[in-house]
């Protein structure tokens with residue numbers, strides 16, 4: 645059995661699963677929240693500061709009680725479509741992708757995985773160096789594109 649390390653970039657935010665405890669600094673966590681929301685099709689592009697704060701509040705608290713931006717208002721307006729059984733809610737998937745990304749990054753740090761660029765698809769993939777750089781398959785995630793947050797035009 646391999647003793648796995650816990651991902652850590654700071655002490656501002658904590659995600660735990662089983663015996664794993666991942667800690668994040670504020671910037672790292674915020675960037676991972678945005679990346680997860682983009683991967684799920686819930687947002688596109690870079691968020692404004694208040695939008696990012698509302699997204700972090702959603703991930704941390706499971707809701708946005710006092711929206712600071714149109715994103716927070718959108719979350720509350722679409723809440724019935726975003727919430728559901730725990731394994732199907734937007735919050736669950738945001739947390740899951742943040743955790744998965746940190747877990748994969750820790751595996752790279754420990755030398756168990758590498759990152760490779762695919763020239764054909766112009767994407768990055770995690771590969772297993774001990775298996776001839778065989779790419780690992782990540783479980784697909786659902787899309788929240790149908791209720792995506794679209795920033796208002798000025």
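Numbering (our numbering), first residue to last: 645 to 798. All residues carry an ideal CB built from backbone N, CA and C; glycine is no exception.
Beta carbon of residue i nearer than 8 Å to that of residue j
i           : j           : result
residue 769 : residue 779 : yes
residue 706 : residue 687 : no
residue 731 : residue 713 : no
residue 685 : residue 787 : yes
residue 741 : residue 697 : no
CA nearest to the CA of residue i, picked from the options
i           : options            : result
residue 744 : 701, 655, 665, 777 : 665
residue 674 : 702, 750, 724      : 702
residue 669 : 761, 746, 765      : 746
residue 652 : 754, 776, 763      : 754
Residue i classed as buried or exposed, judged by whether at least 16 other C-beta atoms fall within 10 angstroms
i           : result
residue 658 : exposed
residue 796 : exposed
residue 718 : buried
Cα-Cα separation between residue i and residue j, rounded to whole angstroms
i           : j           : result
residue 699 : residue 715 : 8 Å
residue 723 : residue 709 : 12 Å
residue 662 : residue 720 : 30 Å
residue 773 : residue 757 : 6 Å
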